[in-house]
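Quick notes on the structure that follows.
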Amino acid sequence: MLLKLTAVAGDGIGPEVTEQALLALQAVADGFDHQLQVQHKPIGGAALTATNDPLPPDTLQACLASSAVLLGAVGSPAFDQNPPHLRPEAGLLRLRRELGAYANLRPAVFFPALEDCSPLRGEIVRGTDILIVRELLGGAYFGQPRSIEGNPGSRVAVNTMRYGEDEIERIARVAFELAMTRKRKVLSVDKANVLECSRLWREVVTRVGKNYPDVKLGHQYVDSAAMLLVQRPAEFDVLLTENMFGDILSDQAGGVVGSLGLLASASIGGPIGLYEPVHGSAPDIAGKGIANPLGAILSVAMLLRHSFQLNAEAGCIERAVSAVLSQGARTADLVRKGQAPISTAEMGRRVAEAVTSQQAERTA
Ligand code: NAD
């Protein structure tokens, strides 16, 4: 199969982790006889520096002409004072919208080898396997009007949280369909005691749920869901929520399973999927070669599964990641007292090697 991708590595640690993700992808493509074709394009701060546009037309065209897009991360303190449309994040938000990627899937899976990395006791975190299904194109991140107006000292800021029934219905369907392939539980997270958006959300999700009698649907307010996530993470299956709540809860889920650097994501729903680690550009560690590339590498597994239906290939990458962690490979974010960290590149090399050796076993 031809795997035609655009890689938009972006800023900070984005290029560092994307390089390792592509290494794993090349190893799997070689092993399974696929042809990998990757075009590299700038986005975010890198694109602002080059063209004063966080999503240049050339980048967007390349993404729209691909079968899938692999993103590193965007964001840099250098652009903190820029107006909203000239910030790196504006490029990513626009790309998601242009791709019609309304469903953001963020798995948070506990790796037995990393039990000592979780801040939670082993008996609590063991068995955690959560799929956060986050609505990605609505809510406060996109709602209009938005502004900061007035004179210094008396300015007023406005954001608008907005959801239409159709937007809620389509993301709910994604969550229920995915739950059917898992433990058949959906927990819908909202703030229906305070927000109108959440009241409509709860009503529509309940209605959609009636079409899935085999799936157990529950509702939880976001504040209490945040608490449950640390108290009983292993009881979650699919967590369905709106854009901002999902953004926050998925970072928390990353902390629960050991590191934000482990978390992968897929943004689907449109014709072209967008795959990226959950973490940001991490300016505090950028350029040091110490970032954890596993979130990016696991995003490639999601890309193979969701954009190309290559489940065996995706599984091969996931098993390779488990294998290197079981062998004790740890980047700096995962090391505990007495353990020596390995670099981003070394972690990537070991995963690619594990992919290749699985292939050798398969064909032996
Ligand atoms: P961040 O996710 O970049 O970093 C949070 C903390 O986690 C930092 O201490 C960082 O060093 C650590 N971390 C993150 N990824 C890691 C990895 N792979 N390995 C090891 N440690 C890792 O979030 P932030 O600091 O709040 O934001 C930094 C920039 O990233 C901002 O400009 C923000 O807007 C942007 N951002 C972008 C995305 C995206 O591109 N999808 C997502 C979140 C934040």
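Adding 29 to a residue's 1-based position in the sequence shown gives its number in the numbering used here. From the three backbone atoms N, C-alpha and C, an ideal C-beta is built for every residue, glycine too.
6 Å Cβ shell around residue i - same chain, five flanking residues per side excluded
{"i": "residue 169", "result": "188, 190 and 273"}
{"i": "residue 158", "result": "138"}
{"i": "residue 322", "result": "46, 49, 373, 376 and 377"}
{"i": "residue 355", "result": "142"}
{"i": "residue 98", "result": "35, 92 and 303"}
{"i": "residue 31", "result": "64"}
{"i": "residue 246", "result": "215 and 238"}
Alpha carbon of residue i to alpha carbon of residue j, nearest angstrom
{"i": "residue 9", "j": "residue 119", "result": "One cannot answer for residue 9 here, as it falls past the ends of the chain, which runs 30 to 393."}
{"i": "residue 242", "j": "residue 212", "result": "13 Å"}
{"i": "residue 217", "j": "residue 135", "result": "15 Å"}
{"i": "residue 223", "j": "residue 167", "result": "18 Å"}
{"i": "residue 339", "j": "residue 180", "result": "56 Å"}
{"i": "residue 341", "j": "residue 164", "result": "28 Å"}
{"i": "residue 206", "j": "residue 116", "result": "35 Å"}
{"i": "residue 353", "j": "residue 283", "result": "19 Å"}
{"i": "residue 257", "j": "residue 68", "result": "42 Å"}
{"i": "residue 277", "j": "residue 107", "result": "24 Å"}
{"i": "residue 300", "j": "residue 199", "result": "15 Å"}
{"i": "residue 111", "j": "residue 343", "result": "39 Å"}
{"i": "residue 66", "j": "residue 37", "result": "14 Å"}
{"i": "residue 350", "j": "residue 329", "result": "12 Å"}
{"i": "residue 172", "j": "residue 131", "result": "14 Å"}
{"i": "residue 121", "j": "residue 79", "result": "16 Å"}
{"i": "residue 255", "j": "residue 249", "result": "10 Å"}
{"i": "residue 82", "j": "residue 382", "result": "38 Å"}
{"i": "residue 409", "j": "residue 55", "result": "Examination of residue 409 is not possible in this model, given that the chain is present from 30 through 393 alone."}
{"i": "residue 366", "j": "residue 156", "result": "24 Å"}
{"i": "residue 298", "j": "residue 109", "result": "31 Å"}
Nearest-angstrom beta carbon gap, residue j and residue i [assumed within contact, 8 Å]
{"i": "residue 208", "j": "residue 267", "result": "4 Å"}
{"i": "residue 251", "j": "residue 201", "result": "Not a contact, Cβ separation roughly 16 Å."}
{"i": "residue 133", "j": "residue 318", "result": "Not a contact, Cβ separation roughly 29 Å."}
{"i": "residue 84", "j": "residue 123", "result": "5 Å"}
{"i": "residue 326", "j": "residue 53", "result": "5 Å"}
{"i": "residue 360", "j": "residue 320", "result": "7 Å"}
8 Å Cβ shell around residue i - same chain, five flanking residues per side excluded
{"i": "residue 230", "result": "192, 197, 217, 219, 221 and 271"}
{"i": "residue 154", "result": "139, 144, 147, 262, 263, 285 and 286"}
{"i": "residue 337", "result": "30, 32, 96 and 97"}
C-beta contact flag for residue i and residue j at 8 Å
{"i": "residue 21", "j": "residue 311", "result": "This structure cannot settle anything about residue 21, because the visible part of the chain is limited to 30 through 393."}
{"i": "residue 58", "j": "residue 306", "result": "no"}
{"i": "residue 388", "j": "residue 60", "result": "yes"}
{"i": "residue 324", "j": "residue 363", "result": "no"}
{"i": "residue 269", "j": "residue 215", "result": "yes"}
{"i": "residue 296", "j": "residue 161", "result": "no"}
{"i": "residue 100", "j": "residue 127", "result": "no"}
{"i": "residue 379", "j": "residue 393", "result": "no"}
Residue-chain proximity (residue i, chain B), Cβ-Cβ < 8 Å
{"i": "residue 79", "result": "This model lacks chain B altogether, as it is built from one protein chain only."}
Other residues of its chain near residue i: CB distance less than 7 Å, five sequence neighbours each side excluded
{"i": "residue 44", "result": "38 and 101"}
{"i": "residue 289", "result": "280, 283, 307 and 308"}
{"i": "residue 175", "result": "187, 188 and 189"}
{"i": "residue 259", "result": "149 and 285"}
{"i": "residue 228", "result": "221"}
Inset, instruction - Just list the alpha helix (DSSP H) runs in the stretch 179 to 261, keeping only unbroken ones of 4 residues or longer that don't cross its boundaries, in chain order. - result: 194 to 209, 225 to 238 and 251 to 260
Inset, instruction - Run through the stretch 114 to 171 for me and flag every whole beta strand (DSSP E) of 3 or more residues, listed as ranges in chain order. - result: 132 to 138 and 158 to 164
Inset, instruction - Quick one: which unbroken beta strand (DSSP E) runs of 3-plus residues sit fully inside the stretch 55 to 87? Chain order, please. - result: 64 to 69
Inset, instruction - Output the residue ranges of the beta strand (DSSP E) runs that lie fully inside the stretch 275 to 311 and measure 3 residues or longer, sorted by chain position. - result: 293 to 297 and 302 to 306
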